[in-house]
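Inspection log for the structure reproduced underneath, given as structure tokens.
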Ligand code: V47
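Numbering (the working numbering), first residue to last: 5 to 349.
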């Protein structure tokens, strides 16, 4: 692509005044989405927190700091889906820890049960980190696991587990988990099956600005090849109850700059999600003027980030969510999981 911003130019954007940078990102956002802000009515389900891997940033998995292991039965999960279906949810986002004791069928057959009973609900499930774990633990190739996901009814893949692609940082924060190259390979293979996914970046911990730009560049390269990423989701690191020991939380200024830069760099990824769970609702609303055009959804319940300090355990009410978007000067548009518009609220 001509006139594309390169690594050095992207890094230099951090030196710009925040508001000027915001204007640059806002122009890109307006070009793509005008004043629409997308959201969906969804529910996160985290069926187990027992994990074979040890990520220093994670407060969710059962360990010394969170000695409360649990694994949901399929009946419990189906009860949750029945409840949210009544309330109009259109997506379940199912992400688990890497539990070595459940058996592969526990991970997979829940998707078929949901699709059989609620074919209209979109199942977004299994991060590349889970795919890698299942592949290693059950001695199957990535292709075999991905084929099983399609067969059992997974519609799209969430963007979790990407963390930071730089190998040194990754080794420090989550050694032993899916590598950067494997994470990208799994998404590439998923896209080759005609399926969509998201991509995240965990930032605000021990990484540098260079590492963030490198992360974005690797995403841009794969997206050029496949076009399979729906949204980029920068996740602001939450500091509590984990082993990373970061004393200084990242500033709002740096969060907004990073979002704005990602809007400029990722010229081939249509949507930039300000995930209010990790940025707070207020900053996510501000991020709408710094490139973000998506606020995820109502979520209803969330366990991974709230374990590390985020105020997201019970989601937000739909009416409140819509009012907040309107009052901040944007048009709330409900979307489905692959960004078809459903209704303007
Ligand atoms: O991969 C773990 C992150 C992710 C912490 O695809 C933390 O639509 C901050 O991926 N502070 C899971 N973050 C969540 C996720 C996600 C969320 C919303 C939407 C989508 C999507 C995906 O949470 C993990 C990890 O990077 N995480 N611990 C922490 N202390």
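Virtual Cβ for every residue (Gly too), placed ideally from N, Cα, C.
| Check | Outcome |
| --- | --- |
| According to DSSP, which residues form a beta bridge with residue 298? | 42 and 277 |
| What do you reckon, is the C-beta of residue 28 under 7 Å from a heavy atom of the ligand V47? | no |
| Whose CA, out of 193, 221, 100 and 210, lies closest to the CA of residue 306? | 100 |
| Return yes when the C-beta of residue 319 is under 7 Å from any heavy atom of the ligand V47, and no when it is not. | no |
| Using a 10 Å radius around the Cβ and a threshold of 16 neighbouring Cβ atoms, would you call residue 181 buried or exposed? | buried |
| I think residue 274 touches residue 234, with their Cβ atoms under 8 Å apart; what is that distance to the nearest whole Å? | 7 Å |
| What does the alpha-carbon distance come out to for the pair residue 237 and residue 165? | 12 Å |
| Should residue 104 go down as buried or exposed, given a rule of 16 or more other Cβ atoms within 10 Å for buried? | exposed |
| So residue 118 and residue 125 are in contact, right, with Cβ under 8 Å, and what is the actual spacing, rounded? | 6 Å |
| Tell me which residues share the same chain as residue 29 and place their Cβ nearer than 8 Å to its Cβ, disregarding the 5 neighbours each side in the sequence. | 263, 264, 265, 267, 268, 294 and 295 |
| Does DSSP put residue 190 in a helix, a strand or coil? | helix |
| Determine contact between the region 190-203 and the region 150-168, defined as no fewer than three beta-carbon pairs at a distance below 8 Å. | yes |
| Quick one: what does DSSP say residue 137 is sitting in, helix, strand or coil? | helix |
| Relative to the C-alpha of residue 176, which residue among 143, 210 and 80 is closest? | 210 |
| If you count every other CB in all the chains shown that lies within 10 Å of the CB of residue 64, and 16 or more means buried, which is it? | buried |
| Roughly how many angstroms lie between the CA atoms of residue 48 and residue 280, to the nearest whole one? | 14 Å |
| Assuming the contact rule is C-beta atoms closer than 8 Å, residue 189 and residue 229 should be a hit. Round their C-beta distance to whole Å, please. | Not quite, the Cβ-Cβ distance comes to about 12 Å (not below 8 Å), so this is no contact. |
| Given this structure, state the Cα-to-Cα distance separating residue 1 from residue 289, to the nearest angstrom. | Summary: the structure shown does not reach residue 1, with the chain confined to residues 5 through 349, and so no result is reported for it. |
| Buried or exposed: which applies to residue 4, given that a residue is buried once 16 or more other Cβ atoms fall within 10 Å of its Cβ? | Past the edges of the chain, shown from 5 to 349, lies residue 4, and the structure says nothing about it. |
| Spatial neighbours of residue 172 within its chain, please: C-beta separation below 6 Å, excluding the five flanking residues on both sides. | none |
| Measure the CB-CB distance between residue 227 and residue 312 and report whether it falls below 8 Å. | no |
| Taking its Cβ as the centre, do 16 or more other Cβ atoms sit within 10 Å of residue 212, making it buried, or is it exposed? | exposed |
| Could you tell me the alpha carbon to alpha carbon distance between residue 18 and residue 214, rounded to whole angstroms? | 10 Å |
| With 16 other CB atoms within 10 Å as the buried threshold, where does residue 301 fall? | buried |
| Taking the Cβ atom as the reference point for each residue, do residue 259 and residue 41 lie within a distance shorter than 8 Å? | no |
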